[in-house]
Amino acid sequence: MILCVPGPRALLPGALSTDVPQGMRAGTVHSTPCLQSTPPVWDPAKDLRAIASNFCYLENSGATRVSVQRWYWGAVTAAQAHAALQEASEGAFLVRDSSHPMYMLTLSVRTARGPTSIRIQYSGARFLLDSSSPARPSLSSFPSVPSLVQHYMGPERKAEEGKLEVEAPSKPSQQTAQEASVVLKLKRAVYKPQGLPSLQHLTRLIINRHSDCPDQLPLPRPLLRYIQDYPFKV
Numbered sequence: 001m002i003l004c005v006p007g008p009r010a011l012l013p014g015a016l017s018t019d020v021p022q023g024m025r026a027g028t029v030h031s032t033p034c035l036q037s038t039p040p041v042w043d044p045a046k047d048l049r050a051i052a053s054n055f056c057y058l059e060n061s062g063a064t065r066v067s068v069q070r071w072y073w074g075a076v077t078a079a080q081a082h083a084a085l086q087e088a089s090e091g092a093f094l095v096r097d098s099s100h101p102m103y104m105l106t107l108s109v110r111t112a113r114g115p116t117s118i119r120i121q122y123s124g125a126r127f128l129l130d131s132s133s134p135a136r137p138s139l140s141s142f143p144s145v146p147s148l149v150q151h152y153m154g155p156e157r158k159a160e161e162g163k164l165e166v167e168a169p170s171k172p173s174q175q176t177a178q179e180a181s182v183v184l185k186l187k188r189a190v191y192k193p194q195g196l197p198s199l200q201h202l203t204r205l206i207i208n209r210h211s212d213c214p215d216q217l218p219l220p221r222p223l224l225r226y227i228q229d230y231p232f233k234v
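Oh and the sequence shown: position 29 is 29 in my numbering, straight run, nothing missing.
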């Protein structure tokens, strides 16, 4: 909103008004500046940086130069993800590309009632889980998906455990709100079937789990850079 308060103006071209407001001296009248409120402008480059760095982290979640063993499975279907989780224990999870055009990623997790998928929302360079719970506004958001996963694996998740909306119910017309919600518990990442993560990556995870400031450890610079490429515990 722009609010402009006009000051004294000329009555005739080239002539100034001689009227002076009561209680003021001539020559002391000044125009009032415009009060302008400018809405914040969102920088698209911030989205680009956030999304690019997030997928870089996901690509590094167990990958090596010669093979790919990570818990980000990429472009697999819900059926493939659920098949991979069918025999897993409760809390096993993986992240994959979402089949919904409005979402980038989906978290597939083995719950008490079987494999379930929950969409991951992206807004304002932050990621959060899609939820139908009344507590949805209080759900935490994160700068990356690995930090989101790490949060829900840690003790912090107990304060936010709530009912989350599944990705694609098989019979929406017959499914109640109670049936379409799950309680999220993440315990163990399920890696792609090519094999286990590299020893380098497992060592990096151990360092991250046991050090609050790994960049200050007395390690060779190349190793420090390798740790900084994936500063997560999962």
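The C-beta atom is built at its ideal place from N, Cα and C for all residues, glycine as well.
Note that the structure is predicted; figures quoted are calculated from it, not measured.
| task | Please work out which residues of its chain come closer than 8 angstroms, Cβ to Cβ, to residue 98, disregarding the five sequence neighbours upstream and downstream, and give them in chain order. | result | 104, 105, 106, 119, 120, 167
| message | Is it the case that the segment 107-116 contacts the segment 74-86, given that we only count it when at least three CB pairs across the two stretches are under 8 angstroms? | response | yes
| field | Among 224, 222, 191, the one whose alpha carbon lies nearest that of residue 109 | value | 191
| request: Pick helix, strand or coil for residue 148, following the three-state DSSP scheme. | output: helix
| message | Using only the alpha-carbon positions, how far apart do residue 142 and residue 148 sit? | response | 6 angstroms
| said: Would residue 189 and residue 94 qualify as a contact pair, given that the criterion is a beta-carbon distance under 9 angstroms? | reply: yes
| How would you call residue 216, buried or exposed, if buried means at least 16 neighbouring beta carbons within 10 angstroms? | exposed
| query | Buried or exposed: residue 146, going by 16 or more other Cβ atoms within 10 Å of its Cβ? | reply | buried
| request: Run the CB neighbour count on residue 96, radius 10 Å, all protein chains shown included, and call it buried at 16 or more, exposed below. | output: buried
| query | Which whole-angstrom value is the C-beta distance of residue 207 and residue 214, which I expect to be below 8 angstroms? | reply | 5 angstroms
| said: Can you look up residue 57 in the DSSP assignment and give me helix, strand or coil? | reply: helix
| field | C-alpha gap between residue 43 and residue 122, whole angstroms | value | 15 angstroms
| query | Whose C-alpha, out of 230, 45, 139, is nearest the C-alpha of residue 204? | reply | 230
| Top-ranked residue by Cα proximity to residue 151, from 227, 111, 232 | 232
| Three-state secondary structure (DSSP) at residue 189? | strand
| query | Nearest-angstrom Cα distance between residue 89 and residue 153? | reply | 15 angstroms
| query | What span of residues does the beta strand (DSSP E) with residue 203 cover, start to end? | reply | First-last for residue 203: 199-210, but that is the alpha helix (DSSP H), not the beta strand (DSSP E).
| request: Kindly indicate which residue of 60, 45, 46 has the alpha-carbon position closest to the one of residue 228. | output: 60
| field | Segments assigned alpha helix (DSSP H), at least 4 residues, entirely inside the segment 60-120 | value | 78-85
| Whole-Å CB distance - residue 125 paired with residue 46, under 8 angstroms assumed | 5 angstroms
| For residue 122, the residue or residues it bridges with in DSSP | 127
| message | So if DSSP puts residue 142 in a beta bridge, which residue, or which two residues, is it bridged to? | response | 127
| message | Buried or exposed, going by whether 16 or more other CB atoms sit within 10 Å of the CB of residue 130? | response | buried
| query | In its own chain, which residues sit with a C-beta less than 8 angstroms from the C-beta of residue 85, not counting the 5 before and 5 after it? | reply | 92, 93, 94, 108, 109, 110, 115, 190
| Start and end of the alpha helix (DSSP H) containing residue 230? | Note, residue 230: premise wrong, no alpha helix (DSSP H); not H, not E.
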